[in-house]
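So the sequence shown is numbered by the working numbering: it starts at 42 and just counts up by one.
Data first, discussion second: the structure below is written as C-alpha cells.
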Amino acid sequence: MQITFLGTSSGVPTRSRNVSSIALQLPQRAETWLFDCGEGTQHQILRSDIRISQISRIFITHMHGDHIYGLMGLLSSIGLAGNPTRIDVYGPPKLDDYLRACGRYSQTHFSYPVKVHTVEPGVVFEDAEYVVSCEALTHRVPAFGYRVSEKDRPGRFNIEQAEALGIPSGPLYGRLKRGEVVTLPDGRQINGADLCGEVQIGRKFVYCTDTIYCDSAVELARDADVLVHEATFAHQDAELAYQRLHSTSTMAAQVALNAGVQQLIMTHFSPRYAPGNAIALEDLLTEARAIFPNTLMAQDFYTHEIPRRRPAALTASRRPPSPSRR
C-alpha cells in the first residue's frame, strides 16, 4: 500500500510542482487508485513508475479546476493504453455533467465503460479487502475527504500445529483459519484463533483537501496510519485561509493531533511560498512540527509506503499516556 504524489501545488502549477493528484498503489491486486486529477496528471504519471493501464478507480474531492482539469484527458488516454474493463469515478454532484459536456463538445467517446458515482457522506465503495468512505469538508464548493480502510486480515494458519492435533484437512481448515470454534468428530472443540498468528491490522489512508479546519476532517482521519492534508497557507496568513476556506500548516497539524494519526503529510501549497520569498515552505513544516512532530512535506513524485501496524503498536497508540514522575 503505497502513495505517490503527482501534484502538490494549489491553484496553478509551478516549475517544480504540478497541481493536485495522488496515486494509491495496491500491488497485490495490480491496481492503482487516483485521488484528484489536476491538469497535467497524465504527464506526471509518465514520469513515474505508475502504469496507466492499472488505474481502476478515481476519487475527486471537488469541482475546482486544479483538481479536475486533467481527468478528461486521462480517461481518453486510458482507452488508448489498453483494454480496461471499466473505470469507476467518484465525486461530488455535477461531476457526471462535467464529463458528459466534455465528451459532447470534444466529440470524445470512451472505448470502455466509465461509471460516475455521485458521493455523499458514508461508504462509497467496499469489497472483500477495502472500504472507502467520505465526509463533507468545509470549502467554497461542495468538497469531500476520502478514507481508505484496509480490512483486518487473519494471522497465518499453523498447519503443522493443526496436523499435530490430528485435525483432518479439508473444510475444517477453512473455518479454523477464519477463527471459528469447531467441533471435531471425536468431540474435541478447537478454537481457530489458537491456531492463527497475530491479526494483520488493516492500514488506513486519509486524504483531505480542499478545506479549512473542520470537525469532519478530524473524524474522517481518526487513528489513520497516514493523513494527507492540505496546507495551502502559513500560519501568518491565517486570514487568507479563512477568506478562501483553505488550511494553514497549523490547522493541518491540529487535525492530525486531534485525530490521533500516525503520520501527517502536508500538500497543496500556495505558490506564494517559493524560494526567496519572506516565508518559505520550510517555515510551514516548522510550524506544523511544533504541533505534530511526525509531519512530512510532500514533493512531486515523493513515494510513501504505508506500513502495516502490529496489534501491540495499535494497543499502545490507544493507551492513555502514563503520568509523568517528578
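Even glycine gets a Cβ: it sits at the ideal position worked out from N, Cα and C.
Between the Cα of residue i and the Cα atoms of the options, which residue gives the shortest distance?
| i | options | result |
| --- | --- | --- |
| T149 | L121, E170, M307, D168 | L121 |
| G196 | N335, V240, A177 | V240 |
| V269 | G186, P226, I200, D235 | G186 |
| A300 | R188, E221, H287, L281 | R188 |
| Y254 | T55, G144, C237, A177 | A177 |
| S117 | P133, H105, I96 | I96 |
| S41 | A329, Q340, R181, L213 | Coverage of the chain is limited to positions 42 through 367, which leaves residue 41 absent and any answer about it impossible. |
| V172 | I86, W74, T336 | W74 |
| D129 | P226, R98, D324, S57 | R98 |
| S257 | D227, V222, R285, V296 | V296 |
| S51 | I86, K245, H105, R92 | H105 |
| Y153 | R127, A315, V247 | R127 |
| E221 | D235, F151, Y110 | D235 |
| I119 | R92, S61, N59 | R92 |
| G103 | N318, H84, T55, P134 | Correcting the residue identity first, residue 103 is His in this sequence and not Gly. Closest by alpha carbon: P134. |
| R349 | G233, R194, S147 | R194 |
| C78 | G111, V53, E167 | G111 |
| H287 | D138, I109, V302, T308 | T308 |
| A142 | F246, Y248, I320, M113 | M113 |
| V182 | T55, Q304, A275, H108 | H108 |
Applying the criterion that 16 or more other CB atoms from any shown protein chain within 10 Å of the CB defines a buried residue, is residue i buried or exposed?
| i | result |
| --- | --- |
| K156 | exposed |
| T224 | exposed |
| E80 | buried |
| G215 | exposed |
| K192 | exposed |
| S365 | The predicted position of S365 is uncertain, since its pLDDT is 36 and thus under 50; no value can be drawn from it. |
| P125 | buried |
| Q284 | exposed |
| V211 | This sequence places Gly at residue 211; Val is not what is there. It is exposed - the Cβ of G211 has fewer than 16 other Cβ atoms within 10 Å. |
| Q340 | exposed |
| D90 | exposed |
| G228 | exposed |
| P334 | exposed |
| R58 | buried |
| T344 | exposed |
| S13 | One cannot answer for residue 13 here, as it falls past the ends of the chain, which runs 42 to 367. |
Please state whether DSSP places residue i in a helix, a strand or coil.
| i | result |
| --- | --- |
| G120 | helix |
| D264 | coil |
| N152 | Residue 152 is actually Ser in this sequence, not Asn. Three-state DSSP puts S152 in coil, outside helix and strand. |
| I101 | coil |
| D158 | In the sequence as displayed, the identity of residue 158 is His instead of Asp. Reduced to three states, the DSSP call for H158 is strand. |
| Y3 | In the structure as shown, the chain begins at 42 and stops at 367. Residue 3 is therefore absent and cannot be evaluated. |
| P362 | Residue confidence for P362 is low, a pLDDT of 43 falling below 50, so the modelled location carries little weight; the figure read from the coordinates is stated next. Of the three classes helix, strand and coil, the one that applies to P362 here is coil, per DSSP. |
| I93 | helix |
| E191 | strand |
| E201 | helix |
| D128 | Before going further, note that residue 128 is Ile rather than Asp in the sequence given. Residue state, collapsed to three classes: strand. |
| P212 | helix |
| G220 | coil |
| I44 | strand |
| S257 | helix |
| R56 | coil |
| E280 | helix |
| C78 | coil |
| S311 | coil |
| S50 | strand |
| D137 | helix |
Assuming the contact rule is C-beta atoms closer than 8 Å, residue i and residue j should be a hit. Round their C-beta distance to whole Å, please.
| i | j | result |
| --- | --- | --- |
| F76 | F342 | Not really, about 16 Å apart at Cβ, beyond 8 Å. |
| G243 | S190 | 6 Å |
| I44 | A64 | 7 Å |
| T250 | E271 | 4 Å |
| I347 | D266 | 5 Å |
| L115 | T82 | 6 Å |
| I231 | L261 | Not a contact, Cβ separation roughly 40 Å. |
| L325 | I306 | Actually they do not touch by this definition, with Cβ atoms about 13 Å apart. |
| L136 | I86 | Their Cβ separation, rounded to whole angstroms, is 20 Å, which puts L136 and I86 out of contact at 8 Å. |
On the DSSP letters alone, give me the boundaries of the beta strand (DSSP E) that residue i sits inside.
| i | result |
| --- | --- |
| M292 | No beta strand (DSSP E) contains M292, which is instead part of the alpha helix (DSSP H) from 290 to 300. |
| C175 | 171 to 177 |
| C249 | 245 to 249 |
Got a sec, what are the start and stop residues for the alpha helix (DSSP H) residue i sits in?
| i | result |
| --- | --- |
| D324 | 322 to 332 |
| T273 | Careful: T273 lies outside any alpha helix (DSSP H) and carries neither H nor E. |
| S62 | Taken as a continuous stretch (DSSP letters only), S62 belongs to no alpha helix (DSSP H), being part of the beta strand (DSSP E) at 62 to 67. |
| G207 | Element bounds for G207: n/a, residue is neither H nor E. |
| L87 | 82 to 87 |
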